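A.B. asks: Under UniProt numbering, the residue at position 15 of the sequence shown is numbered 15, and the numbers go up by one with no gaps. In this text, a Cβ means the ideal position worked out from N, Cα and C, and glycines have one as well. Computed from a predicted model, the values in this text were never measured in an experiment. Could you have a look at this structure, given as structure tokens, before my questions?
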Amino acid sequence: FISTIYEAPYKNVQCEAPSQLRELVLNSCFNLKEFPRSIGRLKHLIKLSYGSLNSQSPLRRLPEEFRSLQSLRYLELKSCANLSSLPRRFGELTNLQHLNLFDCSNLSSLPSSISNLTNLQHLNLRFCLNLSSLPSRFGDLTNLQHLDMGHCIQLGTLPVSFKQLTLLQYLNFNRCIKLTIESENLDILENMTRLQYLDFSKCGNMEDLPRHCIENGASLKQLNLRWTRIREMPANIGQLSKLEILIVGSNALTSLPTTLGNLCSLLKLVLSDCLKVQKIEGLEYLRSLEELEICNCPELDGLPSFAELCSLKTLELRGCPKVEKIEGSEGLRSLEAFKAYTCLKVPCIISLEKARELRNVVVIANEKSVVEHFIPTIHQKRLVEVIICTRAVCDVGSFVNSQAFPNLSVLDSFSMEKIGSEQALELRGSSENATLICIIINVVSPVIHLVISSNYSSTFEMDLGQGKWVWMDLITQKPIWHWGNNVFGIFLKGSDENDVVESAWLMTAEDEEIRQCFRGLFHTFA
1 FISTIYEAPY
11 KNVQCEAPSQ
21 LRELVLNSCF
31 NLKEFPRSIG
41 RLKHLIKLSY
51 GSLNSQSPLR
61 RLPEEFRSLQ
71 SLRYLELKSC
81 ANLSSLPRRF
91 GELTNLQHLN
101 LFDCSNLSSL
111 PSSISNLTNL
121 QHLNLRFCLN
131 LSSLPSRFGD
141 LTNLQHLDMG
151 HCIQLGTLPV
161 SFKQLTLLQY
171 LNFNRCIKLT
181 IESENLDILE
191 NMTRLQYLDF
201 SKCGNMEDLP
211 RHCIENGASL
221 KQLNLRWTRI
231 REMPANIGQL
241 SKLEILIVGS
251 NALTSLPTTL
261 GNLCSLLKLV
271 LSDCLKVQKI
281 EGLEYLRSLE
291 ELEICNCPEL
301 DGLPSFAELC
311 SLKTLELRGC
321 PKVEKIEGSE
331 GLRSLEAFKA
341 YTCLKVPCII
351 SLEKARELRN
361 VVVIANEKSV
371 VEHFIPTIHQ
381 KRLVEVIICT
391 RAVCDVGSFV
401 NSQAFPNLSV
411 LDSFSMEKIG
421 SEQALELRGS
431 SENATLICII
441 INVVSPVIHL
451 VISSNYSSTF
461 EMDLGQGKWV
471 WMDLITQKPI
481 WHWGNNVFGI
491 FLKGSDENDV
501 VESAWLMTAE
511 DEEIRQCFRG
521 LFHTFA
């Protein structure tokens, strides 16, 4: 018997579905504006999926008969921009375990009856842009384990009952820009001892961490506080013995506790936009650390020794002009990627001679001398991708070939000044196994169409005039990622909204340096 209707082209479903139907999938049904009232007859329906992640779905409402789907456990209503409310008696779906309302952007509220869904374990409200509040008895969802409220930009406060969600393991408030946790409600995480993932990133009103975020965080593995206004990190943060990822970013933060060094399980540490922080104490003791990213910390005047960071694989420094040297860099034996943006001031501040696993290098420096002294310290045997950019326009190609990278072959290096505003430039590799190493462009004209391709089955297309940046797979002809018109703004602000894939690093210098940023194109042959 029919168990699934997939990508149905119908405007409405008039056929009588089999009464024993258990699963109904209506993805990409762009003309289906409402369900027939007869849907309530599907007493055995366990899963219902409607909508699409790639485009808006036209569904306007759910019939009251929807409450009759008593066997329903899994319900997805994705990208239903015209759906402004759920049926008043929606809470009668008492067997529901998974509810996905992703990108129902006009959904302004949830019915109070939703608190009756006591078997609900997974609730996705991500991109419900108009959702301004939760029902007062929301905490009655006592079996809830996964709650995603990312990008609920109108959400203001949480009900007092929220603290009753004691089984929560995943809690995401990313970009809830209006969210405010009242002082009398700071104990809202008090009983959430099973919480493993907690994200308050881009909650611009967040000034204080909920009191029990640390005390009862024995299970916490990921904590994201990027782009908040948190004024102080608790000294007892070192108690989070299972924490693997810590992301901190607040322009109100003045210092970090020395107990940071007690995070024995920490694998990734990101410190971003901590405009007032001057020191990072305890960093030298994070022997399990694999990724370290320090961005836009202009007052940071030094770093601890890296001699004991033997597990570190990725190191990124950006916008830290007072950091003049890195001590103990000989201990970075596991380093695979090193990125430094306008941080390096003096020659030989870091030596990567011991980094035998190094594969990716990005250096954007203000002085040519930094590049000239830095490159010879790199062990070239495993290197597959390099971006070198200096404010001074120089013959980087001949320098690279003659001094540091005998295995690299420069296909071309060019100045955009030589290219007319309507002219296209195409460069191709000459080996089937060619690996893209570096793109370095001297950007002097914003109206340029540039296509760069090689034989390793990818094409990079850049149209600065229209702001179109696309990385295409030549086999499937599908875009892997793309940006809008403000691509330079995205890079300069350090936004993580459109992350570039590793094999397609595109970097710029500071805003005032863009027009002088020299770049070239390199390939290596296997």
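Secondary structure at His151, three-state DSSP: helix, strand or coil?
C.D. replies: In the sequence shown, counting from the first residue as 1, residue 151 sits at position 151. Note: His151 maps to coil in three-state DSSP.
A.B. asks: When the Cα of Ser272 is compared with those of Pro63, Ser132, Leu246 and Gln145, which residue comes out closest?
C.D. replies: On the sequence shown, position 272 is the one that residue 272 refers to. Of the listed residues, the one whose Cα sits closest to Ser272 is Leu246.
A.B. asks: Report back the beta-carbon spacing between Leu62 and Leu86 to the nearest angstrom; my notes put them in contact at under 8 Å.
C.D. replies: Locating residue 62 in the sequence shown gives position 62, counting from the first residue. Locating residue 86 in the sequence shown gives position 86, counting from the first residue. Going by Cβ atoms, the distance from Leu62 to Leu86 rounds to 6 Å, so yes, they are a contact pair.
A.B. asks: Tell me whether Asp199 sits in a helix, a strand or coil according to DSSP, three-state version.
C.D. replies: As a working note, residue 199 is residue 199 in the sequence shown. Strand at Asp199.
A.B. asks: Are the Cβ atoms of Arg37 and Glu65 separated by less than 7 Å?
C.D. replies: If you number the sequence shown from 1, residue 37 lands on position 37. If you number the sequence shown from 1, residue 65 lands on position 65. Cβ distance < 7 Å, so Arg37 and Glu65 count as in contact.
A.B. asks: If I measure Cβ to Cβ from Ser430 and keep anything under 7 Å in the same chain, skipping five residues before and after, which residues do I get?
C.D. replies: For the purposes of this step, residue 430 is taken as the residue at position 430 of the sequence shown. Per-residue confidence for Ser430 stands at a pLDDT of 33, beneath the threshold of 50, marking its modelled position as unreliable; the derived number appears in the next sentence. Nothing listed; no residue qualifies.
A.B. asks: Using only alpha-carbon positions, find the residue among Leu209, Leu110, Leu117 and Ser161 that is nearest to Asn130.
C.D. replies: The residue labelled residue 130 in the question sits at position 130 within the sequence shown. Nearest of Leu209, Leu110, Leu117 and Ser161 to Asn130, Cα basis: Leu110.
A.B. asks: Since Leu312 and Glu290 should fall inside the 8 Å C-beta cutoff, what is the C-beta to C-beta distance between them, to a whole number of angstroms?
C.D. replies: Sequence index remark: in the sequence shown, residue 312 carries index 312 (1-based). Sequence index remark: in the sequence shown, residue 290 carries index 290 (1-based). So it is a contact: roughly 6 Å between Cβ atoms.
A.B. asks: Any idea what DSSP makes of Cys80, helix, strand or coil?
C.D. replies: Along the sequence shown, read from residue 1 onward, the residue named residue 80 stands at position 80. In this structure, Cys80 counts as strand in the three-state DSSP scheme.
A.B. asks: Taking Cβ to Cβ, would you say Ser84 is nearer than 7 Å to Ser52?
C.D. replies: Residue numbering aside, residue 84 sits at position 84 when the sequence shown is read from its first letter. Residue numbering aside, residue 52 sits at position 52 when the sequence shown is read from its first letter. In this structure, Ser52 does not lie closer than 7 Å to Ser84 by Cβ.
A.B. asks: On the DSSP letters alone, give me the boundaries of the alpha helix (DSSP H) that Cys213 sits inside.
C.D. replies: Position 213 of the sequence shown, counted from the start, is the residue given in the question as residue 213. His212 to Glu215 is the extent of the alpha helix (DSSP H) around Cys213.
A.B. asks: Since Thr314 sits in a beta bridge, which residues does DSSP pair it with?
C.D. replies: The count along the sequence shown starts at 1 and reaches residue 314 at position 314. Beta-bridge pairing links Thr314 to Glu291 and Ala337.
A.B. asks: Residues in its own chain within less than 7 Å of Ile5 by CB, not counting five upstream and five downstream?
C.D. replies: Within the sequence shown, residue 5 is the residue found at index 5, counting from 1. Per-residue confidence for Ile5 stands at a pLDDT of 46, beneath the threshold of 50, marking its modelled position as unreliable; the derived number appears in the next sentence. Within the same chain, Ile5 has close Cβ partners Leu24, Val25 and Leu26.
A.B. asks: Can you have a look at Thr228 and say buried or exposed, based on whether 16 or more other CB atoms are within 10 angstroms of its CB?
C.D. replies: Taking the first residue of the sequence shown as 1, we reach residue 228 at position 228. Its Cβ being crowded by 16 or more others within 10 Å, Thr228 is buried.
A.B. asks: Once DSSP output is grouped into helix, strand and coil, what is the label at Leu120?
C.D. replies: The count along the sequence shown starts at 1 and reaches residue 120 at position 120. Leu120: coil per DSSP, three-state reduction.
A.B. asks: Got a sec? Which residues, its chain only, sit under 6 Å from Asp395 by beta carbon, not counting five neighbours each side?
C.D. replies: In the sequence shown, residue 395 corresponds to position 395, counting from 1. Because the pLDDT at Asp395 is just 42, under 50, the model does not fix this residue reliably, and the point stays unresolved.
A.B. asks: Between the Cα of Lys325 and those of Ala337, Leu352 and Leu335, spot the shortest distance and give me the residue it belongs to.
C.D. replies: As a first step, residue 325 is located in the sequence shown; it is residue number 325 there, counting from the start. When each option's Cα is compared against that of Lys325, the closest is Leu352.
A.B. asks: For the beta strand (DSSP E) that contains Arg226, what are its first and last residues?
C.D. replies: Working through the sequence shown from its first residue, we reach residue 226 at position 226. Gln222 to Thr228 is the span of the beta strand (DSSP E), which, as asked, contains Arg226.
A.B. asks: Measuring CA to CA, which of Ser71, Leu77, Cys152 and Asp103 is closest to Glu92?
C.D. replies: Taking the sequence shown and counting its residues from 1, one reaches residue 92 at position 92. Checked all of Ser71, Leu77, Cys152 and Asp103; the closest Cα to Glu92 is Ser71.
A.B. asks: Which whole-angstrom value describes the C-beta separation of Ser108 and Arg137, a residue pair presumed to lie in contact below a C-beta threshold of 8 Å?
C.D. replies: The residue given as residue 108 occupies position 108 in the sequence shown. The residue given as residue 137 occupies position 137 in the sequence shown. About 18 Å; that fails the 8 Å criterion.
A.B. asks: State the beta-bridge partners of Ser250 as determined by DSSP.
C.D. replies: Against the sequence shown, residue 250 aligns to sequence position 250. Thr228.
A.B. asks: Can you tell which of Asp103, Leu69 and Thr180 has the C-alpha that lies nearest to the C-alpha of Asn82?
C.D. replies: Here residue 82 refers to the residue found at position 82 when the sequence shown is read from its first residue. Looking at the Cα atoms, Asp103 is the closest of the given residues.
A.B. asks: Once you ignore the five residues that flank Ile280 on each side, which residues in its own chain have a CB closer than 8 Å to its CB?
C.D. replies: By 1-based counting over the sequence shown, the position of residue 280 is 280. Correct list, in chain order: Leu256, Leu260, Leu271, Ile294, Leu300, Leu303 and Pro304.
A.B. asks: Quick check: is any heavy atom of the ligand FMN less than 6 Å from the C-beta of Ser201?
C.D. replies: Of ligands this structure carries none, so the ligand FMN is not represented either.
A.B. asks: Residues in its own chain within less than 8 Å of Asn95 by CB, not counting five upstream and five downstream?
C.D. replies: Stepping through the sequence shown from its first residue, residue 95 is reached at position 95. Once the five neighbours on either side are set aside, the close Cβ partners of Asn95 are Gln70, Ser71, Leu72, Arg73 and Asn119.
A.B. asks: Beta strand (DSSP E) containing His98: first to last residue?
C.D. replies: Here residue 98 corresponds to residue number 98 of the sequence shown, with the count starting at 1. Taken as a continuous stretch (DSSP letters only), the beta strand (DSSP E) holding His98 covers His98 to Asn100.
A.B. asks: Are the beta-carbon atoms belonging to Arg359 and Glu327 less than 7 Å from one another?
C.D. replies: Translated into positions along the sequence shown, residue 359 becomes position 359. Translated into positions along the sequence shown, residue 327 becomes position 327. Not closer than 7 Å, so no.
A.B. asks: Going by the beta-carbon positions, is the gap between Leu117 and Leu101 smaller than 7 Å?
C.D. replies: Here residue 117 refers to the residue found at position 117 of the sequence shown. Here residue 101 refers to the residue found at position 101 of the sequence shown. In this structure, Leu101 does not lie closer than 7 Å to Leu117 by Cβ.
A.B. asks: Excluding the 5 residues flanking Asp310 on each side, which residues of the same chain have their C-beta closer than 7 Å to its C-beta?
C.D. replies: Indexing the sequence shown from 1 puts residue 310 at position 310. At residue 310 the sequence reads Cys, which differs from the Asp that was named. Only Arg287, Gly331, Arg333 and Ser334 meet the Cβ criterion.
A.B. asks: How would you label Gln20, buried or exposed, when you count the other beta carbons within 10 angstroms and need 16 or more for buried?
C.D. replies: In the sequence shown, counting from the first residue as 1, residue 20 sits at position 20. Burial call: exposed.
A.B. asks: Are the CB atoms of Leu141 and Leu171 within a distance shorter than 7 Å?
C.D. replies: Start at 1 with the first residue of the sequence shown, and residue 171 comes out as number 171. Start at 1 with the first residue of the sequence shown, and residue 141 comes out as number 141. Not closer than 7 Å, so no.
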